[in-house]
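Residue numbers (the working numbering): 64 to 234.
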């Protein structure tokens, strides 16, 4: 039995989910909410925070059961679409496949956290003192899943902007 080439990227999805869940479990059991530790002086910190909302804390003030159900349902829809795109191989090259696998792993990791805890555990915090504005200083806390989502989106954009060159067919 041969595995379709795009399905081979599911190892990356699984790796993201396992690494994300392991790091969040460690932070949940070894630290308390609002714990912080400086890794790189005035730049990178480990923190323990939770976000019941979505990226950048949007909807975090609305931690109602309805919002939670809506976010879980929305995540399931997004995961379903990403899985369909990865499995059916609609367009794109290897960067798109890797990007979809990363997006799928990140979305699944955060969905699992949302279902289990009602909020997503974040633990990296970066200060950007060189920015002339203070709107994202510190940058909102994030986790492995968020990083995978960001990298996945960048890979897909790169594949769209710089598509792989197709070799001419020889007759």
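Just so it is clear, CB atoms sit at the ideal spot from N, CA and C, and this is done for glycine as well.
| On the premise that residue 222 lies in contact with residue 169, defined as a C-beta separation below 8 Å, what is that separation, rounded to the nearest angstrom? | Not really, about 17 Å apart at Cβ, beyond 8 Å.
Counting along the chain, where does the beta strand (DSSP E) carrying residue 71 start and finish?
Segment: none, residue 71 is in no beta strand (DSSP E) and carries neither H nor E.
Return helix, strand or coil for residue 180, following the three-state DSSP convention.
-> helix
Note to self: By the three-class DSSP mapping on this structure, what secondary structure does residue 114 have?
What the structure shows: strand
| request: Confirm, please, whether the CB-CB distance from residue 186 to residue 86 is below 9 Å. | output: yes
* To do: Measure how close the beta-carbons of residue 160 and residue 98 come, nearest whole angstrom, since I'm counting them as under 8 Å.
  => With 8 Å as the limit, residue 160 and residue 98 do not qualify as a contact, their Cβ atoms being about 37 Å apart.
Span of the alpha helix (DSSP H), counted from its first residue to its last, around residue 148: 128-151
Open item on the list: Per the DSSP calculation, residue 188 is bridged to which residue(s)?
Closed with: 108
| field | residue 151 classed as buried or exposed, judged by whether at least 16 other C-beta atoms fall within 10 angstroms | value | exposed
With DSSP as the reference, please indicate the residues paired to residue 101 in a beta bridge. 108
>> Does residue 76 pass the burial test, meaning 16 or more other C-beta atoms within 10 Å, or should it be called exposed?
In response: buried
What span of residues does the alpha helix (DSSP H) with residue 216 cover, start to end? 207-224
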